[in-house]
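**Student:**
Protein chains: 4
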Amino acid sequence: MSQALSGNTFGTLFRFTSWGESHGPAIGCVVDGTPPLIPLSEADIQPWLDKRKPGQSRFTTPRRESDAVKILSGVFEGKTTGTPISLLIENEDARGKDYDALKEAFRPGHADYTYWKKYGIRDHRGGGRASARETAVRVAAGAVARKILGPSVVIRGALIQIGPHKIDRARWDWNAVEDNPFWCPDRQAAQQWEGFLDDVRKRGSSAGAAIEVVASGVPAGLGEPIYDKLDSDLARAMMSINAVKSVEIGAGTAAAALSGEENADEMRMRDGQVEFLSNHAGGILGGISTGQDVVVRFAVKPTSSILTPRRSVDALGHDIDIATKGRHDPCVGIRAVPVGEAMMAIVLADHLLRQRAYRGEGA
Amino acid sequence: MSQALSGNTFGTLFRFTSWGESHGPAIGCVVDGTPPLIPLSEADIQPWLDKRKPGQSRFTTPRRESDAVKILSGVFEGKTTGTPISLLIENEDARGKDYDALKEAFRPGHADYTYWKKYGIRDHRGGGRASARETAVRVAAGAVARKILGPSVVIRGALIQIGPHKIDRARWDWNAVEDNPFWCPDRQAAQQWEGFLDDVRKRGSSAGAAIEVVASGVPAGLGEPIYDKLDSDLARAMMSINAVKSVEIGAGTAAAALSGEENADEMRMRDGQVEFLSNHAGGILGGISTGQDVVVRFAVKPTSSILTPRRSVDALGHDIDIATKGRHDPCVGIRAVPVGEAMMAIVLADHLLRQRAYRGEGA
Amino acid sequence: MSQALSGNTFGTLFRFTSWGESHGPAIGCVVDGTPPLIPLSEADIQPWLDKRKPGQSRFTTPRRESDAVKILSGVFEGKTTGTPISLLIENEDARGKDYDALKEAFRPGHADYTYWKKYGIRDHRGGGRASARETAVRVAAGAVARKILGPSVVIRGALIQIGPHKIDRARWDWNAVEDNPFWCPDRQAAQQWEGFLDDVRKRGSSAGAAIEVVASGVPAGLGEPIYDKLDSDLARAMMSINAVKSVEIGAGTAAAALSGEENADEMRMRDGQVEFLSNHAGGILGGISTGQDVVVRFAVKPTSSILTPRRSVDALGHDIDIATKGRHDPCVGIRAVPVGEAMMAIVLADHLLRQRAYRGEGA
Amino acid sequence: MSQALSGNTFGTLFRFTSWGESHGPAIGCVVDGTPPLIPLSEADIQPWLDKRKPGQSRFTTPRRESDAVKILSGVFEGKTTGTPISLLIENEDARGKDYDALKEAFRPGHADYTYWKKYGIRDHRGGGRASARETAVRVAAGAVARKILGPSVVIRGALIQIGPHKIDRARWDWNAVEDNPFWCPDRQAAQQWEGFLDDVRKRGSSAGAAIEVVASGVPAGLGEPIYDKLDSDLARAMMSINAVKSVEIGAGTAAAALSGEENADEMRMRDGQVEFLSNHAGGILGGISTGQDVVVRFAVKPTSSILTPRRSVDALGHDIDIATKGRHDPCVGIRAVPVGEAMMAIVLADHLLRQRAYRGEGA
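Here it is as structure tokens:
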């Protein structure tokens with residue numbers, strides 16, 4: 315992944331540059347590196363944005379945004395032209411006044427303090443550039459990436475833990491994911507979570523979460539050793555999502571406790587194709603895709619905005635006690651599911667083009 | 315982090331480009347972006363290489379390499395000139411013949427299969443480019459990065475788990491780290507690990523491990539939102555190390571189970587300075603350093619090279635059974651400790667220069 | 315200069331990513347890497363756009379565009395925040411229908427044929443992405459770059475040749491530049507050019523031109539050897555402007571005919587400062603600024619859109635004869651003057667930040 | 315072209331990172347991004363280095379270097395593996411003592427003063443990093459680039475002017491180029507140049523020169539608008555060569571004087587192929603190759619090292635008079651011919667891979 319030095323660009327051959335603050339007039343991105351002649355319209359992008367959009371259940375922020383995306387360039391007569399695709403989403407429900415009290419206060423666990431230390435100035439309204447609102451443009455760019463990957467690559471995400479409550483992987487059902495407000499693949503867990511998260515929400519508290527994203531149909535050979543390994547780029551991609559504190563590939567942290575015998579994913583030929591007998595590797599060996607499912611997990615910390623007052627300081631050097639009012643997600647991890655899917659698509663599309671550069675069309 | 319598209323460059327303002335295979339004549343790297351006038355000699359680099367070097371205990375590969383580094387450019391009369399620093403390490407104990415049997419076989423859990431799928435050719439001797447030998451150049455580049463950071467930034471790594479055996483964090487003692495062959499900060503655990511790993515080694519098996527790297531004295535303000543967050547770049551850096559399967563920042567995966575109240579690192583003024591009362595964030599908020607310790611953990615899978623035969627296939631499409639002979643580390647995680655430290659130094663040095671570009675010397 | 319691989323990003327630490335076609339709804343760019351706390355508003359950018367804007371005299375295209383720039387992000391309460399600045403300019407006078415006849419025809423000297431060969435698709439309306447309209451965003455980005463450079467760096471451009479008619483350098487007067495429709499520093503030449511260009515325009519022909527851009531007050535030390543020399547980056551910057559066919563630094567092509575004695579810019583101390591006695595180098599030695607005026611010249615070919623029919627082919631493989639109707643500049647070089655100034659500002663701002671990264675504030 | 319921020323990397327998908335000073339132990343580069351399975355050995359690289367090598371006639375510096383290149387990585391059993399290719403050339407005839415007198419003196423027209431201003435330190439021996447010796451690694455990298463391009467792309471360079479003496483283009487004969495010490499395509503001019511340059515050499519003076527590099531067989535469609543145009547990248551590539559002061563594409567500076575009618579390269583179908591009837595464009599329209607010959611010219615200033623004393627200053631702020639002793643080329647432009655060819659090959663190989671990424675194998 316090559317990127318702008320000030321950090322607002324992601325990707326190399328397929329890349330996007332994002333801009334916009336939570337409470338400015340709009341947010342958007344420029345998607346560059348899309349091959350020409352791919353059919354593309356706003357209708358290809360909007361469903362993914364709708365999936366991430368706030369206000370869809372009582373478990374996400376009540377901020378109301380239609381998140382309607384506009385394509386401003388790069389598409390001609392329904393097809394990509396190979397030139398940059400400018401995507402724009404207007405901010406509609408930006409109540410700046412809610413935040414006046416926070417102007418000089420640093421909320422614990424927020425980026426308030428660090429932006430102040432870094433820049434000496436910050437747009438304090440709704441987190442400004444550090445707001446989770448920024449993730450909308452990732453989802454929009456991810457929709458374009460999916461078009462490059464084509465239908466043979468299927469990317470799906472799921473919430474596998476809320477607070478201390480994990481799913482039972484034996485009950486994993488991808489069909490369940492769309493049927494509950496959590497993108498939870500375990501119907502039974504989803505029901506339990508409702509009670510838990512209602513309680514969290516009513517107390518004005520918040521909960522962490524864990525997400526798993528799986529990409530099927532990824533061709534073997536994607537990923538560039540040594541420093542642009544497919545897993546390195548996925549780690550960077552997921553860790554760059556707001557509030558993410560860990561990234562795991564395949565067996566992940568559990569790999570530390572395995573023996574070499576347990577960890578080895580054995581192989582056999584089957585109908586002339588290589589078949590792996592297990593997938594501790596998460597579909598990546600030596601930084602390069604094996605052709606198995608690519609499996610990534612990440613943990614999201616609880617939203618820092620809570621009603622219980624916390625000790626903090628302000629920009630003037632005063633001790634203060636602070637409780638966040640405004641509108642917030644009790645579990646920001648829920649809306650991270652489509653964002654994680656988008657980042658997976660973006661990383662894969664980039665590496666698909668990179669491999670094609672070196673090995674040609676068949677890659 | 316911007317990087318070469320074929321993935322052999324790491325970093326943006328401070329960057330290195332690495333080259334070399336396990337069994338070629340030498341390995342090395344070009345370190346670019348070092349500010350001028352920094353005192354530098356081979357004596358500044360060699361101790362860190364010695365720390366990573368194989369054959370220092372019965373718990374690492376018996377391959378014998380002096381790993382003597384040569385500076386070929388970029389230093390004049392004992393000081394950096396601002397021009398690229400070429401570092402070269404000769405391969406001495408490269409017994410290519412050990413590997414002839416592996417020429418067309420794919421070892422489970424190795425990069426053999428994926429390099430074959432990616433490139434259609436591979437240097438099979440000792441893992442070729444995918445060998446852990448490559449990490450020597452990271453350590454060399456990391457030594458230069460430490461010189462840029464200066465003595466106020468202290469970077470230390472430790473092994474905190476081998477196989478299923480974790481340290482007791484209550485017994486953490488940085489002084490213990492140098493006193494055992496594991497870089498273990500818990501003397502009691504270190505003793506237990508000897509027996510465990512001797513057993514693993516004798517059985518020709520291997521064990522996973524977990525490493526923690528801590529950087530103290532990092533100034534607040536480092537990290538570039540949105541996609542080049544300090545934690546995103548650390549995640550990529552650590553995940554790019556051979557065999558790493560997860561990366562965690564601060565509370566890491568455990569953050570998923572925390573409540574917002576628990577997770578918030580409260581702040582108070584103390585002697586005119588901001589003081590944090592806890593560090594779940596691992597020293598990073600919104601992708602930017604807070605001034606607290608930067609804390610990164612990563613899990614390393616067990617070495618794939620084991621004596622027990624495993625089912626596999628070869629390049630000709632045959633089913634085979636394969637056991638690795640050659641010389642190998644029973645726990646590759648041990649030698650990952652200095653590598654993790656080096657990657658921390660490299661990421662921090664890069665972001666220090668980046669912040670300086672935008673904010674000037676005081677940054 | 316690092317840039318997006320698909321070529322729509324320019325710059326490294328200070329960079330912009332542009333998007334938009336001649337006849338789409340808008341054009342724009344994302345300016346990334348602007349240090350925080352710089353006062354910036356649309357009023358800082360608009361005057362430079364007005365200078366480039368078409369329809370200001372009978373010597374430029376009659377297309378009417380107000381070219382009003384909007385800042386969509388990155389500025390808070392009148393100051394830059396260090397986050398990306400999104401700039402948008404709406405297209406107002408986009409008469410797509412003028413171009414229907416050109417849908418499958420390739421105009422000689424245009425990018426029609428090469429876009430077709432490259433992408434297999436093109437937005438043929440008004441040149442699409444290849445239109446000189448794209449240069450408006452360069453001028454907008456350049457205005458931000460000027461704010462980074464501050465008032466001590468003065469960048470001025472002038473037209474020094476139209477068709478075969480050159481200025482007399484002995485009559486060079488910067489004050490004359492604003493007084494004629496050509497940005498010509500030689501009042502006498504400007505008068506002669508009116509007659510010449512009126513004739514060209516009436517015949518439906520077009521004329522080439524040469525532009526000189528001079529930056530004064532550039533500190534010594536900017537430019538990164540070996541491949542990012544200040545002159546290399548200026549050469550790339552200017553050559554990337556539509557229709558430019560050559561770039562010269564200082565003595566330029568005339569340097570080939572000089573002897574070493576003539577070419578050497580001698581130095582003397584004067585009031586404790588180094589003073590150069592001539593400036594054949596154009597302010598750059600070894601790729602690094604000397605502190606003298608940085609002097610760049612570039613030649614612009616005549617507009618390809620002419621009334622006289624030319625032999626060509628179309629996308630179906632037919633021989634055709636083609637004459638361009640639509641609205642066009644008889645000498646596109648005139649409007650290249652503010653574009654060249656902008657590119658100079660962008661390159662210098664980028665290198666200023668780069669030098670600051672390595673050498674600190676004083677740089 | 316993306317590059318390292320400190321400027322020692324050139325290229326994006328095909329790129330090289332160079333290192334080394336004139337009087338250090340060696341120079342070299344790491345070539346990254348070469349597709350796998352390309353036959354490559356030192357014998358493919360050495361002939362191009364021999365062409366550039368000093369001491370081959372009385373018209374180049376008498377410094378004696380065998381310039382023997384070693385491949386240290388990236389090639390296995392005679393083929394590229396897709397991993398980085400490390401190339402190393404030892405410095406043999408590095409007489410550092412010749413330069414002691416220059417330690418604190420700034421030679422007019424050299425990079426001495428600017429390196430000092432930039433870095434506050436410099437390796438003064440033989441120009442250090444700014445030495446023309448650096449161009450050897452460009453030639454080595456260019457040899458690898460030629461292997462990527464394959465035999466259908468033919469790149470040839472020629473010297474077309476020495477001092478004020480130009481060739482007669484009507485006498486252009488590519489076969490003549492190898493028959494004289496100047497790479498001159500005009501046998502008659504070559505003879506006249508001998509006398510001219512002997513005189514220059516005997517007087518301890520120096521002469522400028524102009525070089526033309528032509529690439530035939532370049533497929534249409536290479537080049538990435540807007541800022542990575544093929545001509546922009548060529549301009550940067552050539553301007554980055556030591557002592558180059560101008561770059562022209564096709565008609566170049568002469569384009570300013572042309573009318574639109576003269577400049578338009580008309581097209582006709584011929585045997586089912588598009589045929590251009592002229593090539594003022596130099597094979598590039600809108601930044602993209604047309605399929606015609608790509609034609610680049612550049613002017614080289616006279617070597618700054620001359621025997622006649624010139625006025626200058628030193629690092630201590632004294633006025634001095636300085637004459638260069640040491641060993642130098644009377645016309646550094648001669649050895650710039652193979653360097654220009656190499657840079658052409660590098661730029662074309664990079665863009666070939668880029669186009670392949672977006673359009674697949676057929677590109």
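Protein chains in written order, with our numbering: chain X, 315 to 677; chain P, 315 to 677; chain B, 315 to 677; chain V, 315 to 677. Yeah, the Cβ is synthetic: ideal placement off N, Cα and C, and Gly gets one too.
Taking residue 470 (chain V) as the reference, give the member of V:671, V:651 and V:663 with the closest Cα.
**Tutor:** The residue with the shortest Cα to Cα distance from residue 470 (chain V) is V:651.
**Student:** Pair every Cβ in the region 548-567 of chain P with every Cβ in the region 494-506 of chain X, then say whether three or more of these pairs are closer than 8 Å.
**Tutor:** Short answer: they don't touch.
**Student:** Note down, one range per segment and in chain order, each beta strand (DSSP E) of at least 3 residues found wholly within the region 550-632 of chain B.
**Tutor:** Fully enclosed beta strand (DSSP E) runs of 3 or longer: 558-563, 581-584, 587-590, 608-614 and 624-627.
**Student:** Jot down the residue ranges of each uninterrupted alpha helix (DSSP H) in the region 351-428 of chain X, minimum 4 residues, whole runs only, in chain order.
**Tutor:** The qualifying runs are 356-366.
**Student:** To the nearest angstrom, how far is the alpha carbon of residue 334 (chain V) from that of residue 386 (chain V)?
**Tutor:** Taking the straight line from one Cα to the other gives about 16 Å.
**Student:** Using a Cβ-Cβ distance cut-off of 9 Å, determine whether residue 540 (chain B) contacts chain V.
**Tutor:** True, the Cβ-Cβ gap to chain V drops below 9 Å.
**Student:** Under DSSP, the beta strand (DSSP E) around residue 523 (chain P) begins and ends at which residues?
**Tutor:** Residues 523-530.
**Student:** Quick one: grab the DSSP three-state call for residue 472 (chain X).
**Tutor:** Looking at residue 472 (chain X) - three-state DSSP - the assignment turns out to be strand.
**Student:** Please name the residue, chosen from P:519, P:448, P:532 and P:492, that lies closest to residue 637 (chain P) on a Cα-to-Cα basis.
**Tutor:** Here the closest residue by C-alpha is P:519.
**Student:** Tell me whether residue 477 (chain V) sits in a helix, a strand or coil according to DSSP, three-state version.
**Tutor:** Residue 477 (chain V) falls in the coil class under three-state DSSP.
**Student:** Determine contact between the region 567-578 of chain V and the region 608-617 of chain B, defined as no fewer than three beta-carbon pairs at a distance below 8 Å.
**Tutor:** At 8 Å Cβ cutoff, the stretches touch.
**Student:** Chain X beta carbons: is any one of them nearer than 9 Å to that of residue 323 (chain B)?
**Tutor:** Chain X contact via Cβ: present.
**Student:** Residues in the region 389-402 of chain B with C-beta within 7 Å of chain P's C-beta atoms, listed in sequence order?
**Tutor:** Cβ contacts with chain P: 396.
**Student:** By the 10 Å Cβ neighbour count, where 16 or more other Cβ atoms means buried, how is residue 502 (chain B) classified, buried or exposed?
**Tutor:** Residue 502 (chain B) comes out exposed.
**Student:** Along the region 608-633 of chain P, where does the CB come closer than 8 Å to a CB of chain V? Name the residues.
**Tutor:** Within the region 608-633 of chain P, no residue has a Cβ that lies closer than 8 Å to any Cβ of chain V.
**Student:** In this structure, does DSSP put residue 512 (chain X) in helix, strand or coil?
**Tutor:** Residue state, collapsed to three classes: helix.
**Student:** Looking at C-alpha atoms only, which residue of B:639, B:455 and B:330 is the closest neighbour of residue 416 (chain B)?
**Tutor:** For residue 416 (chain B), the nearest C-alpha among the options comes from B:639.
**Student:** Note down, in chain order, all residues in the region 510-538 of chain P with a beta-carbon under 7 Å from any beta-carbon belonging to chain X.
**Tutor:** The region 510-538 of chain P vs chain X, Cβ under 7 Å: 519, 520, 521, 522, 523, 524, 534, 535 and 538.
**Student:** Of all the options P:522, P:497 and P:604, which has the alpha carbon lying nearest to the alpha carbon of residue 545 (chain P)?
**Tutor:** The shortest Cα separation from residue 545 (chain P) among P:522, P:497 and P:604 belongs to P:604.
**Student:** Using 10 angstroms around the beta-carbon of residue 489 (chain B), count the other beta-carbons present and answer buried if the total reaches 16, otherwise exposed.
**Tutor:** Burial call: exposed.
**Student:** May I ask you to list the residues that DSSP assigns as paired with residue 325 (chain P)?
**Tutor:** Residue 325 (chain P) is bridged to P:329.
**Student:** In its own chain, which residues sit with a C-beta less than 8 Å from the C-beta of residue 468 (chain V), not counting the 5 before and 5 after it?
**Tutor:** Closer than 8 Å at Cβ, skipping near neighbours: 529, 530 and 531.
**Student:** With residue 340 (chain X) as the anchor, note down where its alpha helix (DSSP H) starts and where it stops.
**Tutor:** From DSSP, residue 340 (chain X) is part of no alpha helix (DSSP H) but of the beta strand (DSSP E) over 340-346.
**Student:** Take residue 671 (chain B) and list the residues in its own chain whose beta-carbon comes closer than 8 Å to its own, dropping the five residues that flank it on each side.
**Tutor:** Hits under 8 Å: 327.
**Student:** Buried or exposed, going by whether 16 or more other CB atoms sit within 10 Å of the CB of residue 492 (chain V)?
**Tutor:** With fewer than 16 other Cβ atoms within 10 Å, it is exposed.
**Student:** Roughly how many angstroms lie between the CA atoms of residue 384 (chain B) and residue 472 (chain V), to the nearest whole one?
**Tutor:** The straight-line gap from Cα to Cα measures roughly 50 Å.
**Student:** Hey, how far is the Cα of residue 461 (chain V) from the Cα of residue 674 (chain V)?
**Tutor:** Each residue's Cα considered, the two are about 19 Å apart.
**Student:** Run down chain B in chain order and give the residues with a C-beta less than 9 Å from the C-beta of residue 435 (chain X).
**Tutor:** Residues of chain B passing the Cβ test: 350, 351, 390, 391, 393, 394, 395 and 396.
**Student:** Check this for me: beta carbons of residue 581 (chain B) and residue 373 (chain V), under 9 Å apart or not?
**Tutor:** Going by C-beta atoms, residue 581 (chain B) is not nearer than 9 Å to residue 373 (chain V).
**Student:** If you count every other CB in all the chains shown that lies within 10 Å of the CB of residue 454 (chain B), and 16 or more means buried, which is it?
**Tutor:** Buried.
**Student:** Are there 16 or more other CB atoms within 10 angstroms of the CB of residue 457 (chain X), so buried, or fewer, so exposed?
**Tutor:** Buried is the call here.
**Student:** Starting from the Cα of residue 536 (chain P), find the closest Cα among P:658, P:552 and P:407 and give me that residue.
**Tutor:** Considering only alpha carbons, the answer is P:658.
**Student:** DSSP puts residue 542 (chain P) in a beta bridge; with which residues?
**Tutor:** Looking at the DSSP assignment, residue 542 (chain P) forms a beta bridge with P:538.
**Student:** For the region 334-346 of chain X against the region 434-447 of chain X, do three or more pairs of beta-carbon atoms, one drawn from each stretch, fall closer than 8 Å, so that the two count as touching?
**Tutor:** Yes, the region 334-346 of chain X touches the region 434-447 of chain X.
**Student:** For a test of the three-state rule: what should DSSP assign to residue 635 (chain X), helix, strand or coil?
**Tutor:** If DSSP states are grouped into helix, strand and coil, residue 635 (chain X) belongs with the strands.
**Student:** For residue 562 (chain P) and residue 606 (chain X), what's the separation of their Cα atoms in angstroms?
**Tutor:** Whole-angstrom Cα-Cα distance: 24 Å.
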